[in-house]
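For what it's worth, the numbering used here labels the leading residue of the sequence shown as 791, then goes sequentially.
Take a look at the structure set out below.
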Amino acid sequence: VVTRTFSKTWSMAAARLGYLIGPRWLVAELDKVVLPYHLDTAKQIAGTLAVQFQGDMEERVRTIVAERQRLVNALASLDVDVFESGANFILLRPRSKSGRTVWQGLLDRSVLIRDCSSWPRLADCLRVTIGTQEQDDIFLNALTEVLS
């Protein structure tokens, strides 16, 4: 079974659109629990149009992967533990300050990331979405200030 979403790589999170590929028998079983008319015409058209821009999506993914690696490399010199990521975000845990303290310090500098501390097994963890190089540099500069 393969599932895919249009949320991240296609930049269509608001559409709440995705698909599943699998054996006919499994798809038939899933069809039994899917609400009728769960996919409106606008979403169908948007998805159909999006796949016509496969090259653009692939370039966006390459850009995100490269920027994620640049960000991971930069974080290696800071007082944080970085978890391996294959996604469009990085999970990190500050070593010398609480995640909440770092999160608040970033917020005070107008940098908003996600505090994951309340999630199971993610005490003091923070999640930063990969942005543009300029956005990520703002994050890195603010994080460096907060950690010092």
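For each residue, glycine too, the CB sits at the ideal point set by N, CA and C.
Query: Opposing strand residues paired with Thr919 [DSSP bridges]; Result: Phe879
Query: Limits of the unbroken beta strand (DSSP E) element including Asp871; Result: Val870 to Val872
Query: Cβ distance (whole Å) where Val872 is taken to contact Val936 below 8 Å; Result: The pair is not a contact, with the Cβ atoms about 16 Å apart (cut-off 8 Å).
Query: Among Leu807, Leu810 and Phe879, nearest to Thr853 - alpha-carbon criterion; Result: Phe879
Query: For Arg794, three-class secondary structure by DSSP; Result: strand
Query: Segments assigned alpha helix (DSSP H), at least 4 residues, entirely inside the stretch 881-914; Result: 889-898
Query: CB contact flag (Ser875, Arg860, <9 Å); Result: no
Query: Sub-9 Å separation of Gly889 and Ala856 beta-carbons; Result: no
Query: Beta carbon of Leu807 nearer than 9 Å to that of Gly837; Result: yes
Query: Exposure of Phe929, with buried meaning 16 or more beta-carbon neighbours within 10 Å; Result: buried
Query: Candidates Trp909, Thr793 and Leu825: closest to Ile811 by CA position; Result: Thr793
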